[in-house]
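> Here you go, one structure.
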Amino acid sequence: MAVDPCAAAPCAGSGRTCTASAGVAVCTCEDGFFSKDGGCERTTACNPNPCQAPLQSVCIEEGASTRCACDPGYVPSSNGGCTTPPMPDCAQQHAEGDAFEPDECPSLAKVIVPGQPPQTRGISPVADEDWLRVSAERGQVLRLAIAGASYPIRIEVFELDAVTPVAADERGLINPIFTFHAPNSQGLLVRLRALRTNEAGPYTVQVDVLGFDDFPNDATAAPRLAVDAVFEGGAQYAGDVDFATITVAQGRAYEVALSLTSINLPAGVARQVTTSGLSARVSVFDASGSVLLAGPQSLSLTYTPAVSGAFFVRVQATNMNALGAYTVRVN
């Protein structure tokens with residue numbers, strides 16, 4: 653009697669299907685899903701990412717269509733692509749406008765203190781830009797909120813050298829709210845400009861500290877977690893990636909299950925992580941950084957290590973600007 657190679661469900665996971673071919677199980681993705689890192693992810697307007705031009709890989713959904721924006725730290729060029737921005741020219745400074753002028757370049761950046769009332773500023777005249785300096789501790793998650801504007805505003809965050817990009821909001825929103833984190837304790841520079849250079853007008857800006865990043869962004873600092881435990885975290889800011897490490901035993905089967913949820917994070921951790929619309933994926937790596945398993949949200953991954961040691965679990969949002977909470981169970 654022939655044995656069905658699909659009977660043991662070797663293709664378990666959201667969007668995956670098993671087909672027997674010459675006695676061998678072949679895993680493929682169902683309609684509406686596509687293959688990525690050994691798993692299947694649901695196809696959306698921005699997933700897989702249609703934005704593959706150099707320096708222009710940020711995909712933004714706009715209704716039924718998409719727009720490709722520049723990578724953080726780059727600006728639109730005259731040929732429709734993206735390029736390195738010119739160094740801000742302090743020679744263009746002017747005293748007219750809001751009470752914080754001149755603030756047209758990094759050396760003229762005016763301090764904005766997190767937790768203080770909003771500052772009233774303005775883009776005036778057209779093509780003006782405002783630079784802010786923000787004090788922060790390493791790992792803090794900050795929220796910058798624009799209000800009172802009548803035009804879309806671009807937000808760019810840099811380290812104090814004004815060259816190294818930290819984050820950017822290219823969504824083209826009027827009155828955007830943007831979260832980002834501090835990679836060090838030296839402080840940050842924020843550049844605010846109208847998305848379109850022919851627009852100008854007043855706005856208010858406020859910065860708040862939401863807490864600290866819950867998990868590190870790289871494997872080198874990943875905390876060690878216990879097997880048969882649940883850990884909770886969140887995509888707390890644009891581009892957030894969380895790592896944790898677990899010690900495994902050779903030959904034992906481990907299940908890694910990701911689910912999205914609303915949770916109460918501990919005091920001192922950024923708490924603005926319950927926004928709906930989060931789509932996240934979990935991946936499992938070995939100590940060399942090789943991907944062992946990967947999959948979309950709410951997916952259980954099963955892994956049987958060939959050797960004892962440590963493996964790493966990574967959770968990240970599939971949409972860079974999506975925020976939300978998750979739990980990961982390893983047993």
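Using our numbering, you'd call the opening residue of the sequence shown number 653 and step up by one each time. Glycine included, every Cβ here is placed at the ideal spot set by N, Cα and C. All values derive from a computational prediction rather than experimental measurement.
Is it a yes or a no for the stretch 857-870 touching the stretch 787-800, going by three-plus beta-carbon pairs under 8 Å?
Result yes; three or more Cβ-Cβ pairs closer than 8 Å.
> In angstroms with no decimal places, state the Cα-to-Cα distance between residue 837 and residue 813.
One C-alpha to the other measures close to 13 Å.
> How long is the line joining the alpha carbons of residue 752 and residue 857, rounded to whole angstroms?
Each residue's Cα considered, the two are about 12 Å apart.
> Buried or exposed for residue 874, please, with buried defined as at least 16 other CB atoms from any protein chain shown within 10 angstroms of its CB.
Residue 874 is buried by the Cβ-count criterion.
> If you run the structure through DSSP and keep just helix, strand and coil, what is residue 926?
Caution applies to residue 926, whose pLDDT of 37 falls short of 50 and renders its modelled position unreliable; the value that the coordinates give is listed next. Coil at residue 926, not helix or strand.
> At a cut of 8 Å, does the stretch 688-699 reach the stretch 802-820 through at least three beta carbon pairs?
Contact fails: fewer than three Cβ-Cβ distances are below 8 Å.
> DSSP has residue 856 in a bridge; who is on the other side?
Residue 856 is bridged to 772 and 799.
> Counting Cβ pairs, one atom from each stretch, are 3 or more of them under 8 Å apart for the stretch 760-767 and the stretch 820-828?
No, the stretch 760-767 does not touch the stretch 820-828.
> Can you tell me whether residue 872 is helix, strand or coil according to DSSP?
Residue 872 falls in the helix class under three-state DSSP.
> What do you reckon, are the CB atoms on residue 803 and residue 851 nearer than 8 Å?
In this structure, residue 851 lies closer than 8 Å to residue 803 by Cβ.
> Which one of 846, 800, 937 and 960 has the shortest CA to CA distance from residue 870?
The shortest Cα separation from residue 870 among 846, 800, 937 and 960 belongs to 937.
> Straight-line CA distance for residue 910 to residue 748?
Whole-angstrom Cα-Cα distance: 53 Å.
> Please report the distance separating the alpha-carbon of residue 877 from that of residue 782.
Cα to Cα, residue 877 sits roughly 44 Å from residue 782.
> Cα separation between residue 709 and residue 787?
Approximately 29 Å, taken between the alpha carbons.
> Report, in whole angstroms, the separation of the C-beta atoms of residue 872 and residue 962, which I expect to be a contact under 8 Å.
Residue 872 to residue 962, Cβ: 12 Å. No contact.
> Residue 772 and residue 828: beta carbons closer than 8 Å?
No, the pair does not count as a contact, with Cβ atoms beyond the cut-off.
> What is the C-beta distance between residue 944 and residue 831, in whole angstroms, given that I count them as a contact (C-beta under 8 Å)?
The Cβ separation is near 30 Å, so there is no contact.
> Going by beta-carbon coordinates alone, are residue 908 and residue 955 separated by less than 8 Å?
Contact: yes.
> Closer than 8 Å by C-beta to residue 849: which residues in its own chain qualify, once you throw out the five before and the five after it? Chain order, please.
Counting only Cβ-Cβ distances below 8 Å, and skipping sequence neighbours, we find 778 and 779.
> Could you spell out where the beta strand (DSSP E) holding residue 624 opens and where it closes?
Outside the shown range of the chain (653 to 983) lies residue 624, about which nothing can therefore be said.
> In terms of residue numbering, what span does the beta strand (DSSP E) encompassing residue 790 cover?
Premise fails: residue 790 is in no beta strand (DSSP E) and is neither H nor E.
> Let me confirm a value: residue 742 is counted as buried when at least 16 other C-beta atoms fall within 10 Å, else exposed. Which label applies?
It counts as exposed.
> Quick one: is residue 738 buried, meaning 16 or more other Cβ sit within 10 Å of its Cβ, or exposed?
So residue 738 counts as exposed.
> Using DSSP with H/G/I as helix, E/B as strand and the rest coil, what is residue 862?
Residue state, collapsed to three classes: strand.
> Distance check for residue 844 and residue 892, CA to CA, integer angstroms please.
Cα-Cα distance, rounded: 22 Å.
> Could you check where the beta strand (DSSP E) with residue 843 kicks off and where it finishes?
Note, residue 843: beta strand (DSSP E), 840-846.
> Compare the beta carbon distance of residue 740 and residue 758 with 8 Å and say whether it is the shorter of the two.
In this structure, residue 758 lies closer than 8 Å to residue 740 by Cβ.
> Please list the segments of the beta strand (DSSP E) lying wholly inside the stretch 715-760, counting only runs of 3 or more residues, in order along the chain.
Runs found: 717-721.
> Flag this pair as yes or no: are the beta carbons of residue 966 and residue 935 separated by less than 8 Å?
Contact: yes.
> Look at the alpha carbon of residue 724 and the alpha carbon of residue 789, and state the distance between them as a whole number of angstroms.
Residue 724 and residue 789: Cα-Cα distance of roughly 21 Å.
> Indicate the three-state DSSP secondary structure (helix, strand or coil) for residue 699 in the structure shown.
Here residue 699 sits in strand by DSSP.
> So, for residue 658: in the same chain, excluding its five sequence neighbours on each side, which residues have a beta-carbon less than 6 Å away from its beta-carbon?
Excluding sequence neighbours, residue 658 sits near 670, 672 and 677.
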